[in-house]
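Chemist: In terms of numbering that gives the first Met the number 0, the numbers along the sequence shown are unbroken and rise by one, the last being 696.
Glycine is no exception: its CB is placed at the ideal position from the N, C-alpha and C atoms.
Got a structure for you, written out below as structure tokens; questions coming shortly.
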Amino acid sequence: MRWDASIRSKLTLLIAGISMLTVSIGLVFVSISFYQNMKQSLQNDAVAQAKLLADNAEPYLLYDRSEDAQTELLSGTSLNAEHSIAIFQGVGETFAKREQGAGYISSTDYRKEHQIIWDSRWLHIYEPIVDSLGDQLGTLYMKVSTEPVSERLRTFILTLLFLLVVMTAIAFGLARVMQKYISQPLLNLESISNQVSHSQNYSLRVPVVSADEIGKLSRTFNDMLETIERRQRERDAAEEALQLNKRRLERAVKDLQYLANYDSLTQLPNRALCMDRIRYALKRASRTRTYAAILFLDLDHFKDVNDSLGHAVGDELLKASSKRLKSLLRDEDTLARLGGDEFVIILNEVEETEDIINVVDKIVDNFNEHFNLSNYVVNSTVSVGVCVYPNDGNDVDELMKAADAAMYKAKEVGRNTYAFYESEMNEVALRRHRIANDLRGAIDKGELSLVYQPQVDLALGKVIGAEALLRWTHAELGFISPGEFIPIAESTGLIKQIGLWVIDIACSEAAKWRDEGFEHMKVSVNLSPLQFRQSDLPESISTILKKHNLPPKALELEITESMLMRDVEQAIKTLQRMKRMGLQIAIDDFGTGYSSLSYLRRFPLDSLKIDRTFIDEVCVDPDDTAITLAIISMAKSLRLKVIAEGVETTQQWGFLCQHGCDEVQGFLVSKGITPSEYMKFIRTFSTAKLAANDASI
């Protein structure tokens, strides 16, 4: 029948055809399922029989009863299909077999492992025979004919074909009755039209079930809906893209605002936002007639942590510190990070200055507890400068300068404390500024000089060298302590120029000592962290040594532990270059840093200088005694000399002599003296004078 036949004929053929196809597919699946069930049933029966026989075959194999196995064991099967059975032992030797219409069994049929194999005619089952200990004695092989399964399948298919013919006839009868539903496509078209009109849902479609007039009308209607829907999607997509760009722009603006106002490491307000918060706090305090307090915080010895443990640990310490500080503040207070290890706390609407003291006390006490950072336990105290609005200033700049000055005062009095701003602190800030400026011309003006503290060999009882110590006598300010101007020199970078000047002058004096006949004399010079990191430092020292015709062994360079631990690999390379030149290398202030024995073994060192804090109480404090002895013992095991600093009593001298210390220096021997005094000292020194020095200290 042609496809342009009547709708009635098409509908009849369609319904009948679909019914026939559906039934046919169902019958195919039923046939397949029936066949699979038959196969599975046969397999289950055969496997059960095989396992039972394998379980009972052990004694026959153990006692070599092959004939009994054939007559007793293999004849007791009850399968409803022809089958043959064999027992293999060893690597395929037939022990017993029974062939019951399932073909011949040979040694080529042998398999060791448990297997189930189907082919076109047979089911092959291999079941291992094991003894009570789990050892395999052999394999039971069962070969089963699949003909019964095939026969039943053929019968089943014939039955299904008969049913298919009957159901096809029924389908045609029903199709003729159902032709009355020819109007359904028209109803569908009307229904979809109404839905689209009311809901404006242009994704709806009319079902197209034919190629006749109704089908063409349905397709045309669907095409119209698709065109409208596509235009609507394009409009929605454009609107969504516009909204997405708007959201991205808003998010970018927020991110930029955040970056402009917050510190990326600690997520705290940065300097810019901090200044705004201070202005707001001053307005609130003025309006409510209360105080506003500015707390300027600086982590003590943070640079040492950074240099010795690395910047990653330093960053962890900053984050942990900010978290600890936030936990101590009220919600209305502000914690900000200015940069580096500097923080600012803004206390709003403070009623009494006692409230400020309570907060600062909590902060200082809390920072006396150590920080657990990655694999390190770090102790980091804090110095706090405090100023109060309106007592100490009326604007942001004035208050920040006051808080900064107070913080430096807290550091000067020993760190791990706080200080309130006093007007005299402005003088301290001005002095720091003047020292930084005047230090630039101190060398040219001849204001810098070196003094030399003698070092004595305990075994020989002789002076064997001296440590060069830098001094500054300002033309107007007088003597300025190294503890005051050296940190300023390091922060301004002037320490590079000053450090080379110190090495030059010290080498010049050492050359004079040798010219006077003291060829064994050495001079020790301290290196700053900034100097040590200079890549051309070894070459600069070599130039100075050649200038004064001084052998490298006459110069000893003192380096702190923190300088070495900042970048271990680079430090090793620098030290190796110095050692190849013949220079002497000593670790200064040993015992106060973070170095470990594993690193010390890698550094090309000559000496360890025990820090004076351990020597002060070495004869009194058991802890200092134990630490000093441990350092001496460790140094000896590493074949390093031990130098003790800060020796001031004959008891300390005797203790160090007794326990194998190599060299000492300190007020018991002499304070730092001028070059001319040093020449006189080494000519007249004797250990007998030490007791007099002890009494005069």
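So, helix, strand or coil for A56, using DSSP?
Modeler: Here residue 56 corresponds to residue number 57 of the sequence shown, with the count starting at 1. The answer is coil: DSSP assigns A56 none of H, G, I, E or B.
Chemist: DSSP has S144 in a bridge; who is on the other side?
Modeler: As a working note, residue 144 is residue 145 in the sequence shown. Per DSSP, W121.
Chemist: Could you pull the start and end residues of the alpha helix (DSSP H) that D275 belongs to?
Modeler: Taking the first residue of the sequence shown as position 1, residue 275 is located at position 276. Here the alpha helix (DSSP H) through D275 covers 270-287.
Chemist: Within a Cβ cutoff of 7 Å, which residues of the same chain sit near V395, ignoring the five residues on either side of it in sequence?
Modeler: As a first step, residue 395 is located in the sequence shown; it is residue number 396 there, counting from the start. M274, I277, R278.
Chemist: What are the complete beta strand (DSSP E) segments, minimum 3 residues, inside the region 397-440?
Modeler: 417-419, all fully within the region 397-440.
Chemist: Does the distance from the C-beta atom of N525 to that of D587 stay below 8 Å?
Modeler: As a first step, residue 525 is located in the sequence shown; it is residue number 526 there, counting from the start. As a first step, residue 587 is located in the sequence shown; it is residue number 588 there, counting from the start. In this structure, D587 lies closer than 8 Å to N525 by Cβ.
Chemist: Provide the residue(s) that pair with H473 in DSSP beta bridges, ordered along the chain.
Modeler: In the sequence shown, residue 473 corresponds to position 474, counting from 1. DSSP output for H473 lists G477 as bridge partner(s).
Chemist: How long is the line joining the alpha carbons of F684 and E676, rounded to whole angstroms?
Modeler: One-based indexing of the sequence shown puts residue 684 at position 685. One-based indexing of the sequence shown puts residue 676 at position 677. C-alpha separation (whole angstroms): 12 Å.
Chemist: Spell out the partners DSSP gives P453 in its beta bridges.
Modeler: Stepping through the sequence shown from its first residue, residue 453 is reached at position 454. For P453, which the question treats as bridged, DSSP gives the partners A465.
Chemist: What number of angstroms, rounded off, separates the C-alpha of D303 from the C-alpha of E341?
Modeler: Here residue 303 refers to the residue found at position 304 of the sequence shown. Here residue 341 refers to the residue found at position 342 of the sequence shown. Roughly 15 Å separates the two Cα atoms.
Chemist: On the criterion of 16 or more Cβ atoms from any shown chain inside 10 Å, does N305 qualify as buried, or is it exposed?
Modeler: Position 306 of the sequence shown, counting from 1, holds the residue named residue 305. Classification of N305: buried, given that the 10 Å Cβ count is 16 or more.
Chemist: Can you give me the C-alpha to C-alpha distance between L298 and C386, rounded to a whole angstrom?
Modeler: On the sequence shown, position 299 is the one that residue 298 refers to. On the sequence shown, position 387 is the one that residue 386 refers to. If you take the alpha carbons of L298 and C386, they lie about 18 Å apart.
Chemist: Quick check on F87: does DSSP put it in helix, strand or coil?
Modeler: By one-based count along the sequence shown, residue 87 stands at place 88. In this structure, F87 counts as strand in the three-state DSSP scheme.
Chemist: To which residues does DSSP link Y375 through a beta bridge?
Modeler: Here the question's residue 375 lines up with position 376 in the sequence shown. Paired residue(s): L372.
Chemist: Label I293 either buried or exposed according to how many other C-beta atoms from any shown protein chain fall within 10 Å of its C-beta, with 16 as the threshold for buried.
Modeler: Residue mapping note: residue 293 aligns to position 294 of the sequence shown, counting from 1. By the neighbour-count rule (16 or more Cβ atoms within 10 Å), I293 is buried.
Chemist: Do D605 and Q583 count as a contact pair if the criterion is CB distance below 8 Å?
Modeler: Locating residue 583 in the sequence shown gives position 584, where the first residue counts as 1. Locating residue 605 in the sequence shown gives position 606, where the first residue counts as 1. Yes, the pair counts as a contact, with Cβ atoms nearer than the cut-off.
Chemist: Given K410, which residues of its chain have a CB within under 6 Å of its CB, disregarding the five upstream and five downstream residues?
Modeler: To locate residue 410, count along the sequence shown from 1; it is residue 411. Closer than 6 Å at the Cβ level, and outside the excluded window around K410, lie S382.
Chemist: Any idea if M223 is buried or exposed, counting beta-carbon neighbours within 10 angstroms, 16 or more meaning buried?
Modeler: Position 224 of the sequence shown holds residue 223. Label assigned to M223: exposed.
Chemist: Rounding to the nearest angstrom, what Cα-Cα distance links C656 and I614 in this structure?
Modeler: Reading the sequence shown from its first residue, position 657 is the one you call residue 656. Reading the sequence shown from its first residue, position 615 is the one you call residue 614. C-alpha separation (whole angstroms): 13 Å.
Chemist: Please tell me whether A319 and F370 are closer than 8 Å, where the distance is taken between their beta carbons.
Modeler: Position 320 of the sequence shown, counting from 1, holds the residue named residue 319. Position 371 of the sequence shown, counting from 1, holds the residue named residue 370. Result yes, Cβ atoms of A319 and F370 sit closer than 8 Å.
Chemist: Tell me, which residues are paired with K608 by DSSP?
Modeler: Within the sequence shown, the letter at position 609 stands for residue 608. In the DSSP output, where bridge partners are listed per residue, K608 has I642.
Chemist: Can you check which of these residues, L173, I116, Q39, is closest to S18 by C-alpha distance?
Modeler: Translated into the one-based positions of the sequence shown, residue 18 becomes position 19. It is L173.
Chemist: Just to confirm the assignment, what range does the beta strand (DSSP E) spanning V343 have?
Modeler: Taking the sequence shown and counting its residues from 1, the one referred to as residue 343 is at position 344. 341-349 is the span of the beta strand (DSSP E), which, as asked, contains V343.
Chemist: Buried or exposed, going by whether 16 or more other CB atoms sit within 10 Å of the CB of I24?
Modeler: Taking the sequence shown and counting its residues from 1, the one referred to as residue 24 is at position 25. I24 is exposed by the Cβ-count criterion.
Chemist: For A435, collect the residues of the same chain with a Cβ closer than 6 Å to its Cβ; drop the 5 residues on either side in sequence, then sort them by chain order.
Modeler: Start at 1 with the first residue of the sequence shown, and residue 435 comes out as number 436. Closer than 6 Å at Cβ, skipping near neighbours: I487, T491.
Chemist: Looking at A553 and M520, is the spacing between their C-beta atoms short of 8 Å?
Modeler: Here residue 520 corresponds to residue number 521 of the sequence shown, with the count starting at 1. Here residue 553 corresponds to residue number 554 of the sequence shown, with the count starting at 1. Going by C-beta atoms, M520 is nearer than 8 Å to A553.
Chemist: When the Cα atoms are used, what is the spatial distance from K245 to N269?
Modeler: Translated into the one-based positions of the sequence shown, residue 245 becomes position 246. Translated into the one-based positions of the sequence shown, residue 269 becomes position 270. One C-alpha to the other measures close to 28 Å.
Chemist: How long is the line joining the alpha carbons of L12 and A170, rounded to whole angstroms?
Modeler: Position 13 of the sequence shown, counted from the start, is the residue given in the question as residue 12. Position 171 of the sequence shown, counted from the start, is the residue given in the question as residue 170. L12 and A170: Cα-Cα distance of roughly 10 Å.
Chemist: Touch check for the region 354-370 and the region 256-266: three-plus C-beta pairs under 8 Å?
Modeler: No contact exists between the region 354-370 and the region 256-266.
Chemist: To the nearest angstrom, report how far apart L535 and L281 are at their CA atoms.
Modeler: Numbered from 1 along the sequence shown, position 536 holds the residue referred to as residue 535. Numbered from 1 along the sequence shown, position 282 holds the residue referred to as residue 281. One point to set straight first is that residue 535 is Asp, not Leu, in the sequence displayed. Rounded to whole angstroms, D535 to L281 spans 52 Å at the Cα level.
Chemist: Which residues in the same chain have their Cβ closer than 6 Å to the Cβ of T167, if we skip the five residues on either side of it in sequence?
Modeler: For this step, residue 167 is matched to residue 168 along the sequence shown. If we look at T167 and ignore the five residues flanking it on each side, its Cβ neighbours are M19.
Chemist: Nearest-angstrom Cα distance between F607 and L272?
Modeler: Against the sequence shown, residue 607 aligns to sequence position 608. Against the sequence shown, residue 272 aligns to sequence position 273. Checking the sequence, you will find Leu at residue 607 rather than Phe. Cα to Cα, L607 sits roughly 48 Å from L272.
Chemist: In or out: K96 buried (at least 16 other Cβ within 10 Å) or exposed?
Modeler: Position 97 of the sequence shown holds residue 96. By the 10 Å Cβ count, K96 comes out buried.
Chemist: Are G671 and V450 close, meaning C-beta to C-beta below 8 Å?
Modeler: Residue mapping note: residue 671 aligns to position 672 of the sequence shown, counting from 1. Residue mapping note: residue 450 aligns to position 451 of the sequence shown, counting from 1. Cβ atoms of G671 and V450: closer than 8 Å.
Chemist: Output the boundary residues of the alpha helix (DSSP H) element that contains K670.
Modeler: The residue you call residue 670 lines up with position 671 of the sequence shown. No alpha helix (DSSP H) contains K670, which DSSP labels as neither H nor E.
Chemist: Reducing DSSP to helix, strand and coil, say where A170 ends up.
Modeler: Taking the sequence shown and counting its residues from 1, one reaches residue 170 at position 171. Residue state, collapsed to three classes: helix.
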